[in-house]
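K.L.:
Residue numbers for the sequence shown follow the numbering used here, so the first one is 1411 and each next one is one higher.
Even for Gly, the Cβ is constructed at its ideal location relative to N, Cα and C.
Bear in mind the structure is a predicted one, so any value in this text is a computation, not a measurement.
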Amino acid sequence: MRRLNRALLYSLPFWGLSLSAQQSTIYTHQLKDYDKAVSLYNDKQYQAAQILFEKTKSDNQDTDVQADCAYYIAVSAIKLNQKNADVLMQDFVEDYPTSTKQNQAFVEVAGYHFSQGHYKEALEWYDKVDESALGTADRDRYNFQKGYSYFSNGDKKEADKYLTKVKDSKVYGTQAKYYLGFLAYEGDDYKKATQYFEQVEQTEEKAKYSEKLSYFQADMAFKQGNFQKAIDVGVPQLPKSDASEKSELNKIIGESYFNLGQYDKAIPYLKNYKGTKGKWNNTDFYQLGYAYYKQGDYENAIAEFNKIIGGNDAVAQNAYYHLGESYLKTNKKQQALNAFKNASEMEFDAKIQEDAYLNYAKLSYEIGNPYQSVPGVLSAFMEKYPSSPFRTEVQNLLINSYITSKNYKEALVLLEKNKSPENRLAYQKVTFYRGMELYTDGDYQNALALFKKSITEQKDPRITARATFWKAETEYVLDQFSEALISFKQFAGFAEAKTTPEFKHINYNIAYTYFKQKEYEQAAKYFGDYVASASAKDDKVRLNDSYLRLGDSQFVTGKYWPAMEAYNKAIEMNGIDGDYALFQKAISYGFVARNEKKIEDLTKFVQTYPKSQYADDAMYELGNTYVTEKQTTQAIATYDKLIANYKESAYVSRSIMRQALIYYNAEQDEKALVKFKEVVAKYPNTPEAMEAVETARLIYVDNGRTDEYATWVKTLGFVDVSDADLDNTAFEAAEKQYLQNNTKQAISSLSSYVAKFPNGISSLKANFYLAQSYYAEALEKNAIPHYEFVISKPRSEYTEQALARLAQIYLKTNDYAAATPVLKRLESEGEYPQNKTFAQSNLMKSYYEQKDYVNAVIYADKVLANTKTEDRVKSDAQIIVARSAIKTNDEVKAKAAYAKLLTIAKGELAAEALYYDAYFKNKEGKYEASNTTVQKLSKDYSGYKYFGAKGLVIMAKNFYGLKDSFQATYILESVIKNFTTYQDVVQEAQTELDRIKAEEGKRNSSIQN
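1. For the structure I just gave you, are there three or more beta carbon pairs, one from the region 1867 to 1883 and one from the region 1898 to 1910, closer than 8 Å?
2. Would you mind sorting residue 2235 into buried or exposed? The rule is 16 or more other CB atoms within 10 Å of its CB.
3. Might you give, ordered along the chain, the residues of its own chain that have their beta carbon closer than 6 Å to the beta carbon of residue 1860, omitting 5 neighbours on each side?
4. Check whether the region 1757 to 1764 and the region 2359 to 2378 touch, using three or more Cβ-Cβ pairs below 8 Å as the test.
5. Just confirm the distance between the C-beta atoms of residue 1783 and residue 1820, as a whole number of angstroms; I'd bet it's less than 8 Å.
6. Using the three-state DSSP reduction, which class does residue 1710 fall into: helix, strand or coil?
7. Give the DSSP-derived three-state secondary structure of residue 1686 in the structure shown.
8. Classify residue 2058 as buried or exposed, calling it buried when 16 or more other Cβ atoms lie within 10 Å of its own Cβ.
9. Taking the alpha carbon of residue 2154 as the reference point, which residue from 2166, 2171, 2183 and 2165 has its own alpha carbon closest?
10. Which residue wins for smallest C-alpha separation from residue 2303, given the options 2317, 2321 and 2330?
11. Let me make sure I understand the geometry here. Which of 2168, 2140 and 2170 has the alpha-carbon closest to that of residue 2156?
12. Please tell me whether residue 2000 and residue 1954 are closer than 7 Å, where the distance is taken between their beta carbons.
13. Hey, out of 1533, 1532 and 1553, whose CA is closest to residue 1541's CA?
14. Around the C-beta of residue 1942, are 16 or more other C-beta atoms found within 10 angstroms, so that it is buried, or is it exposed?
15. Which complete alpha helix (DSSP H) runs does the region 1998 to 2027 hold, if anything under 4 residues is left out?
16. Looking only at C-alpha atoms, which of 2318, 1780 and 2347 sits nearest to residue 1848?
17. Using DSSP with H/G/I as helix, E/B as strand and the rest coil, what is residue 2484?
18. Taking C-alpha atoms, which residue in 1559, 1562 and 1551 lies nearest to residue 1579?
19. Which residues does DSSP pair with residue 2368 in a beta bridge?
20. Starting from residue 2093, trace the alpha helix (DSSP H) both ways and give me its first and last residue.
21. Taking the alpha carbon of residue 1671 as the reference point, which residue from 1702, 2125, 2411 and 1642 has its own alpha carbon closest?
22. Just to confirm, is the Cβ distance from residue 2263 to residue 2298 under 7 Å?
23. Thinking C-alpha only, which one of 1527, 1543 and 2326 is nearest residue 1555?
24. Once DSSP output is grouped into helix, strand and coil, what is the label at residue 2224?
25. My output table needs one value for residue 2406: the three-state DSSP class, helix, strand or coil.
26. In whole angstroms, what separates the C-alpha of residue 1730 from that of residue 1870?
27. Quick one: give me the first and last residue of the alpha helix (DSSP H) that residue 2047 is part of.
28. Is residue 1817 helix, strand or coil when you go by DSSP?
29. I'd like to confirm the pairing. Which residues does DSSP put opposite residue 2252 in its beta bridges?
30. Counting Cβ pairs, one atom from each stretch, are 3 or more of them under 8 Å apart for the region 2384 to 2399 and the region 1698 to 1716?
31. Looking only at its own chain, which residues have a Cβ that is under 8 Å from the Cβ of residue 2386, when we skip the five neighbours before and after it?
32. Using the Cα positions of residue 2406 and residue 2358, report the straight-line distance between them to the nearest angstrom.
33. Can you round the beta-carbon distance between residue 2239 and residue 2216 to whole angstroms, since I take them to be within the 8 Å contact cut?
34. Under 7 Å, do residue 2338 and residue 2375 count as touching if we go by C-beta distance?
35. Using 8 Å for Cβ pairs, my map puts residue 1981 next to residue 1996. What's the rounded Cβ distance?
36. The alpha helix (DSSP H) with residue 2429 in it runs from where to where?
Following this line, the structure appears as structure tokens:
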């Protein structure tokens, strides 16, 4: 109940001062001026009397006369309200301490201060008065004024004591009873207060107090629970009251109607209450909100309830519970979730707490929960309320929630602790879906373990089939092709497999697995099965790729005509790798003795695709075909074009070597020697260089120029003629171990070779093999110098692979500074498209990690422009563009990038994209739309807590923008409480909470900042 502690009093009336005007017996009528002055004083002509008293005091040397004059001068000053009146009286008291008027002087100066409203000073003088020396009139005046002075100074006990002495006084009785009644009212002694107020009402002076008495009576009736009387007394008084009293009366009447359950009547009075110092408190907001709630006006109920911020008492619990119900009535389920959660955490009313908890649990299941896992909420409810009549319903929701919550990570933790029979189906599904999340995030080993657990349960045949498929996919990614093949075929054998989304591509997956194992006959069979049943409408990219791989499989197995048919199909689709299909088709003509057609197609290829990654391959093969057809002039010209146009190609050294051999076979020895020496000079330590030295030796020997040969060879650092046999023998032994996959023995032998022959004939190959061996044994650090040796040499067949491996090693340790130049070379020198894509995507990431956002975006754009880029890599690119834009405060670009990301991303990237979608909508003032996005983020990506927490901060800002202060502050408090792991988010939430509370504290006195 409310308590009022306000003093609502009339201004004190001005009471006249009755003075004893007894003439001193020591004076005689001979003192004419004195007598005249006294006469004027008694006639209340104080100014004239004062002048004459001053004259008499000046002219008369008698001390007693002077004392009396000084007394009357001071009293006259009091009567005339002169500024120095109190000083004059003080001087009299000090100058004439033996005067018989001393006591009366104390009374007069006290009365003076009383009349000025200086009650503290008045009490100081009254304390000097000898009450026993006072007459009846002066004694009543003394008791009343002293009592009122105590009353004004807040000393209720002393005030009651002196006012009681004059309660029956004719002059002061009515006033005394009024103040005694007020003192009893203030002390909650309503019985005594009523007695005094009723006595006041029976006097002729009641009109002076009637308005105040009505207020007190209304308030006392309210406090005594007599609500109807409070209304009956208060309503007529409202029009007569001042603004302050009117506000209080509205509150008394409104609360009285509220307590009588007459909520419709309560509302206008409660609304008109102005609060204390212009502020309401939580109880005030609750009462008006509840009145609206009982009327079914839920929107207005919400508007009042949600102003109750940080409440922690029975009123707040009740308010939050009914706020939750009001939200439900208006279909605002996310808001209802928060309100019920708050009410469920308070223990003031056990019934409300349990019902709020039940609503919170059911809503969590229905819409998701951003703070806790849904299974965790439902489990906690059953643990807290084991005898709830809703236990069975909640149990069923719990089982289903493991799937519907999509927070598979936390659901798995709960299920691992409770593997009851009824939970086994849920466990199978959760392990499967959690495995899918881990697969999406690239955590293949843990994904594989979960797929295996899912398969073991065997509760849902369809889930078993799907888990088997994804087990196969994971094994494939981990290069476990034999295991993947078994799993794919197991999947295909399930009757339920045909109902799954994975089934339509199963032949494609099996085909690729065979392809990876180099079982090309089987690969061709399954690629053929796939293209026979697939439609370009289903998956044009996959169908196009299948034709290419079908062609490759048939090509490898020598079935060139069928291979060409497959390549033609790919060419007709005009899809990705059309250049590759045309190239392979041209090559195939060579194997069916159709070199003229091969030449035609290769010529067409280099003209149509001059920038293709296969252009140098095609030109080299064209030159070779001219050689085969003995068209050496055309061959030389073709090799020249390759050398001129593709300077970084691995075929340049081979083309020069081919030209040298043409000249050699044509017995044009000098031209041949020029070319051989060019190969040796430009490409030392390569197989071509070694072949060039050997063939040149034959020319020199044939021409009897062995001395010239010896002189030349001595200039070559990589050829030591005396050690050649030893070199070859050592390398052959080491290479044998490598080729037989005896990795440890290969490392030992190759290390020995490299140490003995650092510039040996096979040093390039040896360093490459040694690096590969170290890599295979997970000794990446040991591999680095050997890969660096390979890439430091002129381009060879090992350069590209060495660059790729070296980049992988640096990236694995996040050494982006070292990785960047290697990746740059791989991008420019790489011939395999997957290596170029690898280089560009990782350059994008490397530049971003090094905070070079400009280059990061440049490479992200390259990745996005590549039509062959997978969605996963495109997601990475879009996120780099978006994050770089955020870092450089380019929010326009960031918004566009995150919007694109949202269409292709999965897993954590999708969560990040959703967060920024909500972020930008909030900045645009689209609060409802922003909240919808945050709800999707919380429900569908609940496993990604960081962005979930950041999303909640956005949601809080949205709610404050929608004028829902409760939701805003409650969400922020929940973030601060539940997401301590993310200190940056907690700090942002705290800053926002402080801002909102400071603003709300301007209207709600219950808010503690």
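P.N.:
Considering the structure as presented:
1. yes
2. Here residue 2235 is buried, its C-beta having at least 16 other C-beta atoms within 10 Å.
3. 1841, 1844 and 1845
4. no
5. 4 Å
6. helix
7. strand
8. exposed
9. 2183
10. Ranking 2317, 2321 and 2330 by Cα distance to residue 2303 puts 2330 first.
11. 2140
12. no
13. 1553
14. exposed
15. Whole alpha helix (DSSP H) segments, 4+ residues: 2005 to 2018.
16. 2318
17. No statement about residue 2484 is possible, as the shown extent of the chain runs from 1411 to 2419 and does not include it.
18. 1551
19. Looking at the DSSP assignment, residue 2368 forms no beta bridge with any residue, so it has no partner.
20. Per DSSP, residue 2093 belongs to no alpha helix (DSSP H) and is neither H nor E.
21. 1702
22. yes
23. 1527
24. coil
25. helix
26. 42 Å
27. 2042 to 2055
28. coil
29. Beta-bridge pairing links residue 2252 to no other residue.
30. no
31. 2396, 2399, 2400 and 2403
32. 21 Å
33. 13 Å between Cβ atoms; not a contact.
34. no
35. Their Cβ separation, rounded to whole angstroms, is 11 Å, which puts residue 1981 and residue 1996 out of contact at 8 Å.
36. What is shown of the chain runs 1411 to 2419, which leaves residue 2429 out entirely.
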